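Undergrad:
2 protein chains.
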Amino acid sequence: MKRQTYAAAGVDLDAARRAKELIKRHAHATLRPEVMSGVGPFAGLYQLKGYREPILVSSVDGVGTKLKIAAALGRHDTIGIDLVNHCVNDILTSGAEPLFFLDYIAMGKLVPQQVEAIVKGMAEACRAVSCALIGGETAEMPGFYPQGDYDLVGFIIGVVEKGNIIDGRSIKAGDVIIGLASSGLHTNGYSLVRKLFGTEPSVLGQLYPELGRTLGQELLEPHRCYYQMLKPLLPKIKGMAHITGGGLVDNLPRTLPPGLTAKLDRGSWKIPPIFTLIQKRGNIDEKEMYRVFNMGIGMALISSPDDAGHLSASLAGARVIGAVERGGTERVVIT
Amino acid sequence: MKRQTYAAAGVDLDAARRAKELIKRHAHATLRPEVMSGVGPFAGLYQLKGYREPILVSSVDGVGTKLKIAAALGRHDTIGIDLVNHCVNDILTSGAEPLFFLDYIAMGKLVPQQVEAIVKGMAEACRAVSCALIGGETAEMPGFYPQGDYDLVGFIIGVVEKGNIIDGRSIKAGDVIIGLASSGLHTNGYSLVRKLFGTEPSVLGQLYPELGRTLGQELLEPHRCYYQMLKPLLPKIKGMAHITGGGLVDNLPRTLPPGLTAKLDRGSWKIPPIFTLIQKRGNIDEKEMYRVFNMGIGMALISSPDDAGHLSASLAGARVIGAVERGGTERVVIT
Chain A
782 MKRQTYAAAG VDLDAARRAK ELIKRHAHAT LRPEVMSGVG PFAGLYQLKG YREPILVSSV
842 DGVGTKLKIA AALGRHDTIG IDLVNHCVND ILTSGAEPLF FLDYIAMGKL VPQQVEAIVK
902 GMAEACRAVS CALIGGETAE MPGFYPQGDY DLVGFIIGVV EKGNIIDGRS IKAGDVIIGL
962 ASSGLHTNGY SLVRKLFGTE PSVLGQLYPE LGRTLGQELL EPHRCYYQML KPLLPKIKGM
1022 AHITGGGLVD NLPRTLPPGL TAKLDRGSWK IPPIFTLIQK RGNIDEKEMY RVFNMGIGMA
1082 LISSPDDAGH LSASLAGARV IGAVERGGTE RVVIT
Chain B
782 MKRQTYAAAG VDLDAARRAK ELIKRHAHAT LRPEVMSGVG PFAGLYQLKG YREPILVSSV
842 DGVGTKLKIA AALGRHDTIG IDLVNHCVND ILTSGAEPLF FLDYIAMGKL VPQQVEAIVK
902 GMAEACRAVS CALIGGETAE MPGFYPQGDY DLVGFIIGVV EKGNIIDGRS IKAGDVIIGL
962 ASSGLHTNGY SLVRKLFGTE PSVLGQLYPE LGRTLGQELL EPHRCYYQML KPLLPKIKGM
1022 AHITGGGLVD NLPRTLPPGL TAKLDRGSWK IPPIFTLIQK RGNIDEKEMY RVFNMGIGMA
1082 LISSPDDAGH LSASLAGARV IGAVERGGTE RVVIT
């Protein structure tokens, strides 16, 4: 038999090394003094200090098939922002401050420049919230991912003092629900969108007057991060829901104590045009729309009526979208 | 247009819910009292207490294309063991005790029973090292993964007291290198193996007398975990290398201070028959074999000569495989 090598089987250890070199400076720019670099070559080391009763808050996420849009447009420098922001928002719902982040990138054929662009996006989003990009894994899996495709997974660790955990426990009837505007689809509903529009360059390149830009640009808009704006206001917030897969309908109940219902007023916020466009194109039922998409609300906060005015006034793109009521049969009612 | 739904686009939120139900009890069996369950619906919460100067040690890993072997054999209950053990071994090299684990499973079509089998394996491996399976994400990505294929990623967080970090810093010439037997290929080199043998049932089902079992059984053997056996011996260990991609040649230098060389005696351990079989089949260069595969050594420890005897005598499948010398040009020499 012809002499076989790992490279001939599609695994290029040298490409892996080049990718590592390229991403080093991006990751390095995110480091905090707590990161013990130079030690632990098989793992990331982070010194946790200055907390009385630290609770580690962790989450893992992908960005779903938004990846297909990035691949179709050949734009790889924003999808990492989506990944980090999704994770940061998830742990923020418990009141946590992000500490460090690890990523996993798997591709069929490792393209060092592509990996660099992805990591650049992640590093940028990490820096914006002082989160250290402490480690990651880049896997070349020939025959697994088609050429040009990749998957991306993020893992975040944050911390919150035990006494400051936000868990929705004190929410009661009469509390106010504040919605924070999303920047678009964030990272949910892309399989449906792709089914409706496809990912042909001609389609993604089409300019829509109501969007003020091309469909591709709109769909690739990064997931908004709510950490910096909410950080000083956390003591006023009783519960938080990150509006991801399942929409307002499935995510709001995750922070509501039993026996309570979230009553939302659908006229209280403007549905962004991208959602209307999608709904028309697919002739999609209103109820299905609210279950699949965020419909313009990326994060929902619940506070006492006393704090609601201050909260919604201090937050860009915030508005009161509903109230908590003693529950009927439905946990979320949109009227 | 025909009325569109998320389900018609290939995303089945009900299957996701069923999968969640099925995996709950497996994950639940791994919980430790430090896990604050019932709070933090968007994240996992873990109370860190009882440490003076805690250093969080984290790692992310996949299992590479060993997944293709699992898929070809329709055996999904051991690949999760591989994933957890790989992660546990990685942070163990810094002396860390595992605390909690999160997983990511992405599939083209979500099959709840398959997800359950995967999580069952992870939970089993987590329980074996008292690590809590605290969270995870199951993503259905139609059009992304071919039917039946999935990717699997694991994230682990462990802890070590600052004063007990193992970092190889005290290693010096004259120290002894101890090799711990691997259980097979662990999770590296599978792309090459698949190129040589393919994944046809007839090939994987073939019985090899030298293996004492079928090729498929041998290839699916889970990655060995070294935590429990090494835990009481950590104070005697100066440095540790987990022998993964890159083999002994690339991984041993990760724990060696500059200016030192690991000199290995190739006759000091028996190369398991699977590696000989692979080498013959592919007419693979000896040097390439040592760069791609672990060649029978899954973990390498470095200790002082005084401690080496006790260490190798107390560890099953351990033997002295070499010594540290003042460096020449190569960082690892195998003679």
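So the sequences go chain by chain: A and B.
Per my numbering, the very first residue in the first sequence carries number 782; after that it's consecutive.
Per my numbering, the very first residue in the second sequence carries number 782; after that it's consecutive.
The C-beta atom is built at its ideal place from N, Cα and C for all residues, glycine as well.
Small disclaimer: the values here were computed from a predicted structure and weren't measured.
Under DSSP, the alpha helix (DSSP H) around residue 835 of chain A begins and ends at which residues?
TA: Element bounds for residue 835 of chain A: not the alpha helix (DSSP H) but the beta strand (DSSP E), 835 to 843.
Undergrad: Of the residues B/942, B/800 and B/1089, which one's Cα is nearest the Cα of residue 955 of chain B?
TA: The option with the nearest alpha carbon to residue 955 of chain B is B/1089.
Undergrad: Let me know if residue 870 of chain B comes out buried or exposed under the rule of 16 or more other beta-carbons within 10 Å of its beta-carbon.
TA: Buried.
Undergrad: Hey, does residue 887 of chain B have any beta-carbon neighbour from chain A nearer than 8 Å?
TA: Yes, its Cβ sits closer than 8 Å to a Cβ of chain A.
Undergrad: Residues in its own chain within less than 7 Å of residue 832 of chain B by CB, not counting five upstream and five downstream?
TA: Excluding positions up to five away in sequence, the list reads 940 and 942.
Undergrad: Please report whether the beta-carbon of residue 863 of chain A lies at a distance below 8 Å from any beta-carbon of chain B.
TA: No, because no Cβ of chain B sits closer than 8 Å to the Cβ of residue 863 of chain A.
Undergrad: Please list the segments of the alpha helix (DSSP H) lying wholly inside the segment 971 to 1038 of chain A, counting only runs of 4 or more residues, in order along the chain.
TA: For the segment 971 to 1038 of chain A, whole alpha helix (DSSP H) runs of length 4 or above, ordered along the chain, are 971 to 978, 982 to 985, 996 to 1001, 1008 to 1011 and 1028 to 1032.
Undergrad: Comparing alpha-carbon positions, which option in A/1081, A/872 and A/814 lies nearest residue 1022 of chain A?
TA: The shortest Cα separation from residue 1022 of chain A among A/1081, A/872 and A/814 belongs to A/1081.
Undergrad: Specify, as a first and last residue, the run of the alpha helix (DSSP H) that residue 730 of chain B falls within.
TA: Any property of residue 730 of chain B remains undetermined from this structure, which presents chain B solely from 782 to 1116.
Undergrad: If you draw a straight line from the C-alpha of residue 815 of chain B to the C-alpha of residue 1058 of chain A, how long is it?
TA: Approximately 47 Å between the Cα atoms of the pair.
Undergrad: Hey, is residue 1112 of chain A's beta-carbon within less than 8 Å of any beta-carbon in chain B?
TA: No, because no Cβ of chain B sits closer than 8 Å to the Cβ of residue 1112 of chain A.
Undergrad: Under 8 Å between C-beta atoms, does residue 1057 of chain B make it to chain A?
TA: No, its Cβ sits nowhere closer than 8 Å to a Cβ of chain A.
Undergrad: List the residues of chain A whose Cβ lies closer than 7 Å to the Cβ of residue 835 of chain B, in chain order.
TA: Per Cβ cutoff of 7 Å: 829.
Undergrad: What is the DSSP secondary structure of residue 784 of chain A, reduced to helix, strand or coil?
TA: Reduced to three states, the DSSP call for residue 784 of chain A is coil.
Undergrad: Along chain B, in chain order, which residues have C-beta atoms closer than 8 Å to that of residue 954 of chain A?
TA: Per Cβ cutoff of 8 Å: no residues; residue 954 of chain A is ~20 Å from chain B at best.
Undergrad: Can you list, in chain order, the residues of its chain whose CB lies under 7 Å from that of residue 1038 of chain A, leaving out five sequence neighbours each side?
TA: So the qualifying residues of the chain are 949, 950 and 952.
Undergrad: Can you pull the chain A residues whose beta carbon is under 9 Å from the beta carbon of residue 1016 of chain B, in chain order?
TA: By Cβ distance, chain A contributes nothing, its closest Cβ being about 17 Å from residue 1016 of chain B, past 9 Å.
Undergrad: Taking the alpha-carbon positions, what's the residue 1106 of chain A to residue 1116 of chain A distance?
TA: The straight-line gap from Cα to Cα measures roughly 14 Å.
Undergrad: Among A/837, A/859 and A/801, whose alpha-carbon lies nearest the alpha-carbon of residue 817 of chain B?
TA: For residue 817 of chain B, the nearest C-alpha among the options comes from A/837.
Undergrad: Output, in chain order, the set of chain B residues within a Cβ distance shorter than 9 Å of residue 811 of chain A.
TA: Simply none; closest approach about 14 Å.
Undergrad: Rounding to the nearest angstrom, what Cα-Cα distance links residue 1014 of chain A and residue 908 of chain B in this structure?
TA: Approximately 39 Å between the Cα atoms of the pair.
Undergrad: With a threshold of 7 Å on Cβ separation, who are the neighbours of residue 902 of chain A within its own chain once the five nearest residues in sequence on each side are excluded?
TA: Here the set comprises 858, 859, 860, 861 and 862.
Undergrad: May I ask you to verify whether the segment 1001 to 1013 of chain A touches the segment 794 to 813 of chain B, counting CB pairs closer than 8 Å and requiring at least 3?
TA: Flag = no, the segment 1001 to 1013 of chain A and the segment 794 to 813 of chain B do not touch.
Undergrad: Which residue marks the beginning of the alpha helix (DSSP H) containing residue 1086 of chain B, and which one marks its end?
TA: Counting along the chain, the alpha helix (DSSP H) containing residue 1086 of chain B begins and ends at 1086 to 1095.
Undergrad: Which complete alpha helix (DSSP H) runs does the segment 1045 to 1116 of chain A hold, if anything under 4 residues is left out?
TA: With a minimum length of 4 residues, the continuous alpha helix (DSSP H) runs that stay inside the segment 1045 to 1116 of chain A are 1054 to 1063, 1067 to 1073 and 1086 to 1095.
Undergrad: Quick check on the DSSP output: the alpha helix (DSSP H) that includes residue 848 of chain B runs from which residue to which?
TA: Looking at the DSSP string, the run of the alpha helix (DSSP H) that includes residue 848 of chain B is 847 to 854.
Undergrad: Closest to residue 864 of chain B by C-alpha separation, out of B/829, B/930 and B/883, would be which residue?
TA: The shortest C-alpha separation from residue 864 of chain B is found at B/883.
Undergrad: Between which two residues does the beta strand (DSSP E) carrying residue 790 of chain B extend?
TA: Residue 790 of chain B -> no beta strand (DSSP E), and no H or E assigned at all.
Undergrad: Which same chain residues, not among the five before or five after residue 980 of chain A, have their C-beta less than 6 Å away from its C-beta?
TA: Closer than 6 Å at the Cβ level, and outside the excluded window around residue 980 of chain A, lie 849 and 853.
Undergrad: Excluding the five sequence neighbours on either side, which residues of its own chain have a C-beta within less than 7 Å of the C-beta of residue 911 of chain B, listed in chain order?
TA: 813.
Undergrad: Could you please give me the residues that DSSP links to residue 917 of chain B through a beta bridge?
TA: Looking at the DSSP assignment, residue 917 of chain B forms a beta bridge with B/884.
Undergrad: Whole-angstrom Cβ separation of residue 923 of chain B and residue 790 of chain B, contact assumed at under 8 Å?
TA: That belief holds up - the Cβ atoms of residue 923 of chain B and residue 790 of chain B are roughly 7 Å apart, short of 8 Å.
Undergrad: Whole angstroms are fine: how far does the CA of residue 1073 of chain B sit from the CA of residue 1112 of chain B?
TA: Straight-line Cα distance between these residues: approximately 17 Å.
Undergrad: What do you reckon, are the CB atoms on residue 1055 of chain A and residue 960 of chain A nearer than 8 Å?
TA: Contact flag unset, no.
Undergrad: Looking only at C-alpha atoms, which of B/895, B/926, B/1078 and B/874 sits nearest to residue 1018 of chain B?
TA: Per the Cα distances, B/874.
Undergrad: Between residue 794 of chain A and residue 1027 of chain B, how many whole angstroms is the CB-CB distance? I'm expecting something under 8 Å.
TA: Rounded, the Cβ-Cβ distance is 7 Å, consistent with contact.
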